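**Q** No gaps in the numbering here: position 52 of the sequence shown is 63 in my numbering, and each next residue is one more.
Before anything else, here's the structure in question.
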Amino acid sequence: MQKNYRFVGKTSKDSFLIKGFNVFSEKWKHAGGCASVTNPQNGKTYVFSKYESCGVEFVAGKDANGYWLFFVEV
């Protein structure tokens with residue numbers, strides 16, 4: 012069964028909050044596997060890795076412009 016992910020934002024900085032914590036201040040653990048996600052700002056689809064940090068699972072990766080894109084499961 013394919014999971015659905017919601018876009019939560021993008022950044023080029025070293026700070027981004029997901030559920031109240033700065034993901035760049037914490038160590039990311041690979042959660043196994045990848046997810047196909049779509050950036051709603053431009054319609055491009057990416058395959059990014061799944062990560063876990065501070066008890067939160069998220070999908071993250073960089074786009075062609077060097078921005079980090081973040082998604083969480085819905």
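Yeah, the Cβ is synthetic: ideal placement off N, Cα and C, and Gly gets one too.
Predicted, not measured: the structure shown is a model, and the values here were computed from it.
Check for me: the beta strand (DSSP E) holding Lys61 runs from which residue to which?
**A** From DSSP, the beta strand (DSSP E) with Lys61 extends over 56-64.
**Q** Checking the sheet assignment: what are the DSSP bridge partners for Val19?
**A** Val19 pairs with nothing; no bridge assigned.
**Q** Among Lys14, Thr56, Val83, which one has its Cα closest to the Cα of Glu63?
**A** Ranking Lys14, Thr56, Val83 by Cα distance to Glu63 puts Val83 first.
**Q** Assuming Asp25 contacts Phe35 under a Cβ cut-off of 8 angstroms, what Cβ separation, rounded to an integer in Å, is found between them?
**A** About 5 angstroms; that satisfies the 8 angstroms criterion.
**Q** In the structure shown, what three-state DSSP assignment does Phe35 receive?
**A** Phe35: helix per DSSP, three-state reduction.
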